[in-house]
Every structure is written in C-alpha cells, then in structure tokens.
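Here is the structure we will look at, set down as structure tokens.
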Amino acid sequence: MMKESRHTMKLQSIRTKLLTAAAIVASTCSTAAQAQSEADAADEIVVTAEKRETRLLDVAAPISVINGERIAERGVSDFEGLVEQIPGVSITADYGSGASKVISIRGVGGSDDYRPNGSPSVALHVDNIYQSSNAFLVMPFFDVERVEVLKGPQGTLYGRNSTAGVIDLITRSKSDEFNGYATGQYESFDRVKVEGAVGIPIAPGIGLRLAGLVDQGGGFQKGKGAGTLAGRTLFPGAPAISDPGTRDGWGDRDLFAGRATLDAAFSADTHLVLKLFGSRDRGENQVPDSRDGKSNLGFVEPDNDPYTFYSDRYPNRSTDLWGASASFSQKLGDAMTLDLVGGYQAADRYIEGEGFGTPARIFDFNFSDRIRQHSLEARLSRRDKGPIDWVIGGYYIKDKVDFRSDLISTDQLGSTVMSDYHQERESKAVFGQADLKLTSRITLSGGLRYTADNSSFAGATTDTNPLGISIVRVALPSVPVVFDQDFDEDNLSGRATLSFRPTDNTNLWASFGKGYKAGGFDGSTIWSAVEALPFKSENVLAYEAGFKFSGRSGLFLNIDGFYYKFDDLQANTTTLIPGTTTPANVRTNVAEARVYGVDIAAGATLLRSGPHRLKVDGGVTLLASKILKFDSSNPAIVAVNLGNDLPASPKFSGNAQAAYSYVADRWTMTATIDARHKSSEFKRLNNTPGTEAPAYTLLNARLDLRLTQSGLGFFVYGRNLTDEVYYADIAAANRLSGSPRVFGAGINLQF
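Residue numbers for the sequence shown follow the numbering used here, beginning at 24 and rising by one.
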C-alpha cells in the first residue's frame, strides 16, 4: 500500500510538472507568434543525424543541436561541460576521483562501468568516429562546428549501437577563403585559455585548417593536508600517515591540444577529409572531501566547506590522446553515394586518486591504461530518386585495453593490491534503413542491424605486500586470482518510424525500436574468479512519439514522449563465491527497469525592430524511472534496489536562455543570460539517502561587444552567479563538488 501510494505521488508530480512546462511553452509560443514579422523566414538548422544533410524539422527523432558559437560562449571545454547544456542528460563521476566519469541520457547509462574496458550506453562520436572507451570523455572541445545529441537507442544508421543515444561532435573544416580566429581569456582561479584556428585555401576545392588550444589553471579546491591524522599510525607495523602540507587552487588544468584537417573536394562527386589530432593533459585530479561532519572511515572533517579536502597526498594525472581519421565520399550517378569512414585512436593515461575523501590510506589508487582502437565504416545510400530512400552499411571495430590498478590500502589491509588485465574486443555489424514515401506527406521508415561481438579478458589480481604486514589473504582468501575468459554474442536490433507532415512546417512522428549494448567484463579490481565472468548484452524496447513545429522568426516547438523497457540491465550486485559463503561484488545482468517521460523545447525571436534583437529558447525533460526486478543471491540487496530510481535520472531538468542584441552600423552589443535547473538525483543504484545529489540551479550571464569592420571582439562573463553548491558525485560520507562562481573576460579576433 505504501509503495502504491508513493508511485501515485510520483505520477501526480510528473503530471503537475508536465502541465506547468506546457503552460510555459504555450505562453512563450503565443508571445512569439504575436511578435513575429510575416516577412521573416523560418530559421533552418541543418544536421547530419541521418548521415546526410537534413533540416532539423525533417528528422523524425528527438535531437538537440548546439552550435560552435554557443559552445564557446558557455565555456564548454569537453563532454562533461556539454552535459550541462542539455535537459535530460547527466554525468556522474567515479567516487574515487573526478578522473573517470559516465554520461547518461534520460536516465540510461548511470549504472555504466567507469573503467576503460566497458561499452558506454551513450555512443560518443567525434567527426563520425565512434569512441570505444569512456577514457575519451576527456577529449577537449575546440574549433567546434556543432554538437548533435540524439536521444534514445540508435544503430540502424550509426556505426556502433547504443541504448541511451548518440553525442556527435563535428569540428570545423575548410572554407574557400583564408580565415580564422584567435581567442584569449582569463577567469577566476587563474585560469587562462587560448584557442585559435586558421583556414588556408590550397587550391580550388582543397583547403587546410589548423586549430589549437591551451587551457591552464582553474583549480578551485583547497587542500588542507592530512589534518588530525597527520603522523598517526592506523595499522600495526605501517608507516605513519605523512602530511603533504596545504595547497590552494588544487585541480588546475594543464592541457595542450591541436588538430589538422585537410579537406579536398576533387570534384562535385568526390570528397576526401583527413584529420590528425592530439592532446596532452598533465593536470591535477579533483579530490572528494568528507561531507557534513560525518565519520568517514574514522575521520571527521573539521569543516563543512565543499571546496576543501583532507588527504595524505595530492593526486595528479597524465593523459595523452591522439589519432587520425579519413572520410571519403563518392557519388555514383545521380542518386547513389558511397561513403567510407576509417579511424585510429589511442589513449595513454596514468591517474592517481583518493577513493573516499579521507587522509587514511584505505582506498587510494594509481590507475594506468593503454587503449588502441581502429574502425572502418562503409555505407551505400540512394536518396531523392523515387519513392524509396535507403542506406546499407557495414561496420568493423577492434580495440585493445591494457589496464593496471594499484589499490593502496595500507591502513586497512596493510598492503597494496595490484590488478592488471588485457582485453581485446572485435565487433562486426551490418545495418540498413529504408524510407518509403507512402504519400507526399507520409513516410514509413524501417531499419535493422545485426551485430556480432567477441572479446577476451585475461589478467590477475595479486597481493604485492610491500611492507610485509599484509592481511589480504585473511580478509580476502580468494586472492591471488588468475583469470582468462572469452565471450561471444550476437544481436539483432532495429527501429520502425512513421512520419506525417500535415504542413510544410510541422512533423508528427512515432517510432518503435529495440536497442542493444554489448556485453563484456567487469573492469574494476577482480577479487574472485566469479567476478571475471562475462555478462550478457543489455536490451531495451523503446516507444517514442513526437511533434515538431518550425515557424517564422525562429519560432519552434518540439515535444517528444518516450517509454523504455529494459531487460538484462548491466550493473553491480552481490553474489556468493561458488563453494563458499563469501560474498563477491559482481558486475552482471541484474535487473529489469522502465523509464518514461517527456522532452519539450521551444524558442523564438521576440523582437526584431531596427537595431534591437531579442531571442529566447529553452527546454525541459520530465522523467520517471523504476527498477522492476533485481537479481542477487542476497535478499537484502534485492530489497534495497527493487523499486528504486535509476542512477542519474532527475525527475526534472531544464534550461532557458535570453539574448538581447543591439546592432549598430559598426558594432554589435549582445547581452545573454541563461539558467539551468536540475532536480535531485541518485548517484547510485541502491538509492541510499547519502547518494542523493540535491537539486540545484545555475545562473550565467555574458556581455559581448563585436566591432564589425575589424573583427575584434571583447567579452565578460560570469558562471554560477549565485554561487550554488552542487555535486558531480555524492556518497554516504564524501562528495565531489562542481565549480563555484567564476568571472572572466577575454578578447577575440576573427579574420
């Protein structure tokens, strides 16, 4: 009865928020409609979500687009920063540090593995190249054309399947004229960022673009040293805890990145794009701190400042990313096109971290990994010739991951436990989609994808016992562990969509699809042989329907409703080591779950009179999730998880922006204000009270002055103006805080 009452209250809450959001959107649209000029043409946004240039209005799927100008204005420097710009998208940090993170869309992906060998629920693409590991989440953003975010399962058009959606980063390419820009800015906490690019025409149709980024400083944490534990011995025979001293401004960036793009249109039918990129990061890792004066494994932090921390060391990181890609397009006659996309990517990382936000050496760690991937995608398409458009394709990707972790538990186990493994994965797929024009305004689309995955996973966990005082064999009798596993699986997924265009500026659509995320292996420390066993693929049935409208004066309205049903959800659970009564924390297929909700987005130009311009836009996501079934050998674990929200699935998230411009003959002044709100969300599957991140609202503002003739611009900005405290991650006794209020100023030159 109590569960039914709580469920009813959730439904009522969702309905109330939906009605409120609809009223706001209706009000916005009504105001915009009254203000629009009949002479103004509708703003058209062109995307490549369907592997061809298409108006956003014509895409029968939920999609958000952020252009490069807005990305730069809002200070987005990586995928993590992008998340804050889109309702319904969340990011969660590993409780060990801010170095490893996962992205979720509409509550899907919050239970992903933080380790580099997993298959992310959200498929990240950079210039059409799939990023096989979450290690590439730290790839810096610079010289960006736009970012497209497709929500919901994908696979019939994209090289790699996903259950949550796709984030596609498209960088700028050549132009027919010599051009470029340079931007320098300084902000709070001594952050200095310099970005620039130059486009160089080489010959008719052939151009080179060079882009670079330097990002330094910005650390906002204060390290207080080991505090009351300095000099203490917590484990018999272990050395005393050392005090590393205090540090102000911890968490600085130290990043350099560059990209070269050669874009050659040899003719109207033949196009080749080559890209080389690389980045080097030697920054400082953010450290979790103990929260609310609570005992954190025996340590109580003397203050409740979310930006201070106590530790026996200051962890750093070293990350090198580099790679190359080639895209080739050849028209075959009037309507057919052959596209080939291939890429090679590499990542080398060394990461130090403090696991629990305490100076006690309970869960300190050093991670290192080496990732290599190469992929090839081929597509043959036929467009705009007759009633059927179609695309067929094949995809191949292979990656290798070498991972080592040193878990430093001097004050609990009297030792350092080393785990290392080598994983190889290979995936092959064929996919296709056909769009049948039933009438001039009704289109039926259907797509299928067949995927075959195989992987191997081998390694060992050993007790290094560097001090000769280890109790690992007593506390964890299954160590040492040696494992060598193989896994093969195939899957058929697909999507069907019906689109109806009542008028030229509206689109009504509905779809049904089956999504798939590959199975694999647990990438964390393997404490027993059962933890090294493979888990199966995760599957989702997705039902969606939407409405899109695009009018004059940039007026638009998008509404998407969705319902997802998950089987074999991949997450951690507790089981018994065979033949013993010892529990093991295993990553496997544990649950059935459902997610449903609504996305709403709207915008308009409210004023366009003389030199005055006023544009507004915004969006909300309403979300409800629930674990319907949970598997574990421990009934208490089942009871704790059953009926819970999925992690990183806030019930409400939204944003809004207003930009006023005064356009004079020789200059333009633009004032922008934007706000983002996210309701509370759990960061762990078990939904324990300490893992619920509170709701927060961020308010930002920016003022730009652009001198039209010289191309020179000046800007000032503030982010998190109300100095809101919010958390990238939170657990029972520790937390990882987001950035406090910052102010900045800069100069920009376009030529």
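Even glycine gets a Cβ: it sits at the ideal position worked out from N, Cα and C.
Which listed residue (the options) has its alpha carbon closest to that of residue i
i	options	result
G517	Y204, G469, T77, R232	G469
A205	G222, D213, S198	G222
V748	G178, T331, P143	T331
L730	G769, Q773, P712	Q773
Y444	V106, G104, N202, P139	P139
N157	R169, K245, D371	D371
V131	F300, V112, W413, S123	V112
T711	P670, Q309, S463	P670
R735	L722, D507, G365, N771	Strictly speaking, residue 735 in this sequence is Leu, with Arg absent from that position. Looking at the Cα atoms, N771 is the closest of the given residues.
V613	T487, I126, T597, D486	T597
S560	K537, D150, V161	K537
T487	N477, S478, V502	V502
Y750	A369, D328, N667, P525	D328
L629	G417, R575, G666	R575
Residues of its chain near residue i, where Cβ-Cβ distance is below 7 Å and the 5 sequence neighbours each way are ignored
i	result
G620	R129, F585, T644, L645, L646, A647
T474	N184, S450, A452, D513, N514, Y539
L726	A694, F738, V739
F388	G119, G376, G378, S428, D429, L430, I431
A498	L436
D277	Q239, D304, R305, G306
D335	A249, I264, S265, P267, P382, R384
A62	With a pLDDT of 32 at A62, under the threshold of 50, the modelled position of that residue is not reliable, and no figure is offered here.
S551	S501, V504, I600, A607
K652	A614, E615
G321	A383
V686	P634, R636
Near the ligand ZN: residue i beta-carbon under 8 Å from a heavy atom
i	result
A498	The ligand ZN is not among the ligands present in this structure, which contains no ligands whatsoever.
Local conformation of residue i per DSSP, three classes
i	result
F579	strand
E567	strand
D81	helix
P224	strand
E107	coil
E96	helix
N157	helix
A659	helix
G417	strand
N327	coil
G491	coil
N709	coil
A291	coil
G769	strand
E76	coil
G250	helix
R427	strand
V310	coil
E61	Model confidence at E61 stands at a pLDDT of 33, short of 50, so the residue's coordinates are unreliable and nothing is read from them.
6 Å CB neighbourhood of residue i in its chain, flanking five on each side removed
i	result
H700	G677, T720
T466	D458, K460, S522
N709	V663, N664
L295	A287, F351
F766	S211, G741
T529	F572
T293	Q353
Q446	N140, V424, F480
Y367	G346, A347, H397
Y587	V563, A565, V618
Y636	The sequence shown places Arg at residue 636, not Tyr. Once the five neighbours on either side are set aside, the close Cβ partners of R636 are S684.
A594	S134, V613, L708
N477	E449, D511
R524	R464, N530
For residue j and residue i, believed in contact at Cβ under 8 Å, the rounded distance
i	j	result
A283	P163	A283 to P163, Cβ: 15 Å. No contact.
L285	L231	6 Å
A756	K317	5 Å
L297	L361	Going by Cβ atoms, the distance from L297 to L361 rounds to 17 Å, so no, they are not a contact pair.
Q456	L180	6 Å
V310	Q208	Not quite, the Cβ-Cβ distance comes to about 26 Å (not below 8 Å), so this is no contact.
Own chain, CB closer than 8 Å to residue i, minus 5 neighbours either side, in chain order
i	result
L255	First, the residue type needs correcting, since residue 255 is Arg and not Leu in the sequence shown. Closer than 8 Å at Cβ, skipping near neighbours: A263, I264.
C52	Note that C52 scores a pLDDT of 37, beneath 50, so its modelled location is shaky; the value from the coordinates is reported in the next line. So the qualifying residues of the chain are L578, L580, A625, A627.
R707	P670, T714, A754
Next on the checklist: Does the contact criterion of 3 or more C-beta pairs under 8 Å hold for the region 212 to 221 versus the region 383 to 400?
Outcome noted: no
Checklist entry - Do the region 206 to 218 and the region 255 to 268 meet, that is, are 3 or more Cβ pairs less than 8 Å apart? => result no
Next on the checklist: Within 8 Å, do at least three Cβ pairs link the region 679 to 689 to the region 131 to 138?
Outcome noted: no
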